[in-house]
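Engineer:
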Amino acid sequence: MRRYEGLPGAEGQALGKAVLTETKECTVFLRSVSDAEEEIERFKKVQAEYSRELDGLYETTLEDLGQDSAEIFKAYKMIANDDYFFQNAVQRVREEHINIDYAVRQEMEKTCRMFAAMEDIYMRERGADIENVCNELIARLNGVSSRESRKEWEEPFIIVARDLTPADTVRLDKNCLRGFVTEKGGVTSHAVILAKTLGIPAVVGASGIFEGIRDGECIYINGTEGCAVTDPDEALREKYLKEKEQADRKKKHFLEMAKRRAVTLDGREVSVCINAGDSDSTEDFHADVCDGIGLFRTEFLYMNETEYPSEEKQLAVYRKVLERSEGKEVIIRTLDIGGDKQLDYMELPREDNPFLGYRAIRLCLDRKEMFKTQLRALLRASVYGNMKIMFPMIVTLEELRAAKALLREAADELQAEGKKYKTDIPVGIMIETPAAVLLSDKLAREADFFSIGTNDLIQYTTATDRMNEKVQYLYTSRNLSVLRAVRLVIQNAHNEHIPVGMCGEAASDELLVPVLLGLGLDEFSMVPARVGRVKSLICRSEYKKLKDFAEKVLDQDTIAAAENLLRAAAAEAEK
Ligand code: PEP
Ligand code: MG
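In my numbering, the protein residues as written are 736 to 1310.
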């Protein structure tokens, strides 16, 4: 038995047979070529062949795992065909008459060194994507197909690899796959994303494990703690089986709870909704597993496009999600693009501080025709269900008024054209900035509801980039300023008799749910997998007690002191 420490990638535990997966490294020598054009032609052929395979992988993944997991193959195809990226290598072949695989390898190493030095873990992972694509092209130029293809397994297995490319993960037989351990890769790697999609554990950064285990040996992994144990002893196996049984029971219980109403022991009822916003969430949405959709992101409609999506195209998507919701509330958020999300056809300017720049409602109010197309589609869809419209990133009352004026304009146009729409659609806003928090008394008079977007609110309140690893210790929803902001927003909203939801990640933070409930939050919106847990927690709570508890937590001096209180309360509730 030997224990390897890594990082928690995807939560859960698994036990199974280790299957070692390794990329065949291809040695590349410098050669001189007599016909440079012929060498470049050889490269183009390989690019085309690899692109066809990536198209195939995209289609299979889309079918097996959905849009989110499939997207990566589109990105790989873009890298594989990026003339700008390969122009230096091609030029060297022309000028120096050297082999293309050597030139590509050198270009790749140079670029990867640059990415590896970056602070941002997300960017480092993107460097790994470039490396994967280049290695695949190099392997093909040398007549090697880099990985073996998909095998069918009959017993539970756990993949152990130095690193896994997205193509590797897709080629795996998912039926008996129980988890992943990799030596390389961060918590945003593709193995982790896939593991989360499949609901299985993953451990990353477990150095030494690949050399330390034989193929077929038994392995235990714990993706919650971030460790792996080879050849586990009887005691560990028994512990695992016992905990697995408990976890399975809980999972079943939570599935049941998701279908019930969320009412505290003393009768306060709140809504627990889901966040949605890709083509899968409209196709697979079942209304009985939540109280509605608290945030329907519309960015996906504009992504992977070469031009603005038409009114009809948008109408079809909104209509479908409303019809599937069986009369439950659906809050559709208007386009929140810009910031970290860029689209070529929109020709957005390069910005020094994109998160403080031209994004969301700012962009929509500037590109009125584009915005009006979305508003018209929303208005027309309203007749198919219980829809609410929400504007993102509002910081002034002027913005809210301008957005509502455009909505009225769109409605007048439809009226003149004889097209149907509801006239009483609630219109709300996201509270994502300190500006909106401080103005929430005024905003509450002109909005029909609020939804607190903690993902951004934490970032803007604590001046902490949500993507920067170095400052993540500051990026927490338990920050007392953030919690005080939440309290103020709820008070101001309730003074004007409008409801307040929360659709940032904090809404499903189990330690925080009692505080949010105690502060009077009316709606919690989160990833579907957490609805049952949160409902279960709410149903075991007493609202009156939580009101005092919330005040006590917010009155602490430090985050650590507040967290101690939260942990103690959670431990007490578990008894
Ligand atoms: C938020 O900011 O909390 C939010 C839900 O919006 P997004 O994560 O899409 O920025
Ligand atoms: Mg946001």
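Idealized CB from N, CA, C, for every residue including glycine.
#1: Confirm the yes/no value for this check: CB of residue 1190, any heavy atom of the ligand MG, distance under 7 Å.
#2: Measuring straight from C-alpha to C-alpha, what distance separates residue 905 and residue 1157?
#3: Taking 7 Å as the line, does the beta carbon of residue 803 fall inside it for any heavy atom of the ligand PEP?
#4: Could you tell me if residue 925 is buried or exposed, where buried requires 16 or more neighbouring beta carbons within 10 angstroms of its beta carbon?
#5: Identify whether residue 1307 lies in helix, strand or coil by the three-state DSSP scheme.
#6: Would you report the Cα separation of residue 1295 and residue 1007, rounded to the nearest angstrom?
#7: Please specify which runs of the beta strand (DSSP E), each continuous and at least 3 residues long, are wholly inside the region 1177 to 1236, giving them in chain order.
#8: Would you give the residue range spanned by the alpha helix (DSSP H) that residue 849 belongs to?
#9: Considering only the alpha carbon of each residue, which of 1175, 813, 827, 1214 lies closest to residue 1190?
#10: Which residues mark the beginning and the end of the alpha helix (DSSP H) in which residue 802 is found?
#11: Is the region 1180 to 1189 touching the region 1232 to 1250 in the sense that three or more CB pairs, one from each, lie closer than 8 Å?
#12: Under a three-way DSSP split, which group does residue 1064 fall into?
#13: What's the gap between the Cα of residue 884 and the Cα of residue 863?
#14: Is residue 1036 close to the ligand PEP? I mean its beta-carbon at under 7 Å from any heavy atom of the ligand.
#15: Are there any heavy atoms of the ligand MG lying less than 7 Å away from the beta-carbon of residue 1169, as far as the coordinates show?
#16: Excluding the 5 residues preceding and the 5 following residue 1078 in the sequence, name in chain order all residues of the same chain whose CB lies nearer than 7 Å to its CB.
#17: The ligand PEP and residue 1071: does the residue's C-beta get closer than 7 Å to at least one heavy atom of that ligand?
#18: Comparing the CB of residue 1127 with every heavy atom of the ligand MG, is any distance shorter than 7 Å?
#19: Is the Cβ-Cβ distance between residue 1362 and residue 753 less than 8 Å?
#20: Nearest-angstrom Cα distance between residue 1258 and residue 1239?
#21: My output table needs one value for residue 1249: the three-state DSSP class, helix, strand or coil.
#22: Would you please verify whether the beta carbon of residue 1226 is less than 8 Å from any beta carbon of chain D?
#23: Taking only runs that begin and end inside the region 1020 to 1048, name each unbroken alpha helix (DSSP H) of 4 or more residues, in chain order.
#24: Check whether the Cβ of residue 1032 sits closer than 7 Å to any heavy atom of the ligand PEP, and report yes or no.
#25: Can you have a look at residue 806 and say buried or exposed, based on whether 16 or more other CB atoms are within 10 angstroms of its CB?
#26: In the DSSP assignment, the alpha helix (DSSP H) including residue 1115 goes from what residue to what residue?
#27: Should residue 849 be labelled buried (16 or more other beta-carbon atoms within 10 Å of its own) or exposed?
#28: Within the same chain, show all residues whose beta-carbon is closer than 6 Å to that of residue 832, passing over the 5 residues directly before and after it, in chain order.
#29: Grouping DSSP H, G and I as helix and E and B as strand, with all else coil, what is residue 737?
#30: Under a three-way DSSP split, which group does residue 1156 fall into?
#31: Alpha carbon to alpha carbon, how far is residue 780 from residue 981? Give it in angstroms, no decimals.
#32: Any heavy atom of the ligand PEP within a distance shorter than 7 Å of the CB on residue 869?
#33: Looking at the structure shown, is residue 750 part of a helix, part of a strand, or coil, going by DSSP?
#34: Buried or exposed: where does residue 813 fall if 16 or more other Cβ atoms within 10 Å of its Cβ makes it buried?
#35: Would the beta-carbon of residue 958 fall within 8 Å of that of residue 743?
#36: CB-CB under 7 Å to residue 944, same chain, minus the five flanking residues each way: which ones, in chain order?
Structural biologist: Taking the geometry as given:
#1: Translated into the one-based positions of the sequence shown, residue 1190 becomes position 455. Within 7 Å of the C-beta of residue 1190 there is at least one heavy atom belonging to the ligand MG.
#2: The residue labelled residue 905 in the question sits at position 170 within the sequence shown. The residue labelled residue 1157 in the question sits at position 422 within the sequence shown. Near 45 Å, if we compare the C-alpha coordinates of residue 1157 and residue 905.
#3: Here residue 803 refers to the residue found at position 68 of the sequence shown. Outside the cutoff, so no.
#4: Stepping through the sequence shown from its first residue, residue 925 is reached at position 190. With 16 or more other Cβ atoms within 10 Å, it is buried.
#5: Position 572 of the sequence shown holds residue 1307. DSSP places residue 1307 within a helical segment (H, G or I) once states are collapsed to three.
#6: Stepping through the sequence shown from its first residue, residue 1295 is reached at position 560. Stepping through the sequence shown from its first residue, residue 1007 is reached at position 272. Rounded to whole angstroms, the gap between the alpha carbons of residue 1295 and residue 1007 is 28 Å.
#7: Here the runs fully enclosed are 1185 to 1187.
#8: As a working note, residue 849 is residue 114 in the sequence shown. For residue 849, the enclosing alpha helix (DSSP H) starts and ends at 835 to 851.
#9: In the sequence shown, counting from the first residue as 1, residue 1190 sits at position 455. Ranking the options by Cα distance to residue 1190, first place goes to 1214.
#10: The sequence position of residue 802 within the sequence shown is 67, counting from 1. Per DSSP, the continuous alpha helix (DSSP H) segment holding residue 802 begins and ends at 802 to 815.
#11: Taking 8 Å as the limit for Cβ pairs, the verdict is that the region 1180 to 1189 does touch the region 1232 to 1250.
#12: Residue mapping note: residue 1064 aligns to position 329 of the sequence shown, counting from 1. Residue 1064 falls in the strand class under three-state DSSP.
#13: Translated into the one-based positions of the sequence shown, residue 884 becomes position 149. Translated into the one-based positions of the sequence shown, residue 863 becomes position 128. Residue placement at residue 884 is flagged as unreliable, the pLDDT there being 46, under the threshold of 50; the coordinate-derived value follows with that caveat. Approximately 21 Å, taken between the alpha carbons.
#14: If you number the sequence shown from 1, residue 1036 lands on position 301. The beta carbon of residue 1036 sits no closer than 7 Å to any heavy atom of the ligand PEP.
#15: Taking the first residue of the sequence shown as position 1, residue 1169 is located at position 434. Residue 1169 has its Cβ no nearer than 7 Å to any heavy atom of the ligand MG.
#16: Residue mapping note: residue 1078 aligns to position 343 of the sequence shown, counting from 1. Hits under 7 Å: 1037, 1038, 1072.
#17: Taking the sequence shown and counting its residues from 1, the one referred to as residue 1071 is at position 336. Yes, the Cβ of residue 1071 comes within 7 Å of a heavy atom of the ligand PEP.
#18: Position 392 of the sequence shown, counted from the start, is the residue given in the question as residue 1127. For residue 1127, the shortest C-beta to heavy atom distance toward the ligand MG is below 7 Å.
#19: Not covered by the structure: residue 1362. The range shown for the chain is 736 to 1310.
#20: Within the sequence shown, the letter at position 523 stands for residue 1258. Within the sequence shown, the letter at position 504 stands for residue 1239. Distance between the alpha carbons of residue 1258 and residue 1239: 12 Å.
#21: The count along the sequence shown starts at 1 and reaches residue 1249 at position 514. Helix.
#22: Among the chains in the structure shown there is no chain D, since it carries only a single protein chain.
#23: Counting only runs of 4 or more residues that sit fully inside the region 1020 to 1048, the alpha helix (DSSP H) segments are 1034 to 1037, in chain order.
#24: On the sequence shown, position 297 is the one that residue 1032 refers to. The nearest non-hydrogen atom of the ligand PEP is less than 7 Å from the C-beta of residue 1032.
#25: The residue you call residue 806 lines up with position 71 of the sequence shown. When all chains shown are included, residue 806 counts as buried.
#26: In the sequence shown, residue 1115 corresponds to position 380, counting from 1. In this chain, the alpha helix (DSSP H) harbouring residue 1115 covers 1103 to 1116.
#27: Translated into the one-based positions of the sequence shown, residue 849 becomes position 114. Residue 849 counts as exposed, since fewer than 16 other C-beta atoms from the protein chains shown sit within 10 angstroms of its C-beta.
#28: Within the sequence shown, residue 832 is the residue found at index 97, counting from 1. Answer for residue 832: 767, 768, 771, listed in chain order.
#29: One-based indexing of the sequence shown puts residue 737 at position 2. Residue state for residue 737 is assigned as strand, using DSSP reduced to three classes.
#30: Within the sequence shown, numbered from 1, the residue matching residue 1156 stands at position 421. In the structure shown, residue 1156 sits in coil (DSSP, three-state: anything other than H, G, I, E or B).
#31: The residue given as residue 981 occupies position 246 in the sequence shown. The residue given as residue 780 occupies position 45 in the sequence shown. Between the alpha carbons of residue 981 and residue 780 lies a distance of about 54 Å.
#32: The sequence position of residue 869 within the sequence shown is 134, counting from 1. Flag unset: Cβ of residue 869 not near the ligand PEP.
#33: Position 15 of the sequence shown holds residue 750. Residue 750 falls in the strand class under three-state DSSP.
#34: Within the sequence shown, residue 813 is the residue found at index 78, counting from 1. Burial call: exposed.
#35: Residue 958 sits at position 223 when you count from the first residue of the sequence shown. Residue 743 sits at position 8 when you count from the first residue of the sequence shown. Going by C-beta atoms, residue 958 is nearer than 8 Å to residue 743.
#36: Indexing the sequence shown from 1 puts residue 944 at position 209. Counting only residues of its own chain and dropping the five nearest sequence neighbours on each side, residue 944 has a CB closer than 7 Å to the CB of 739, 895, 916, 918, 963.
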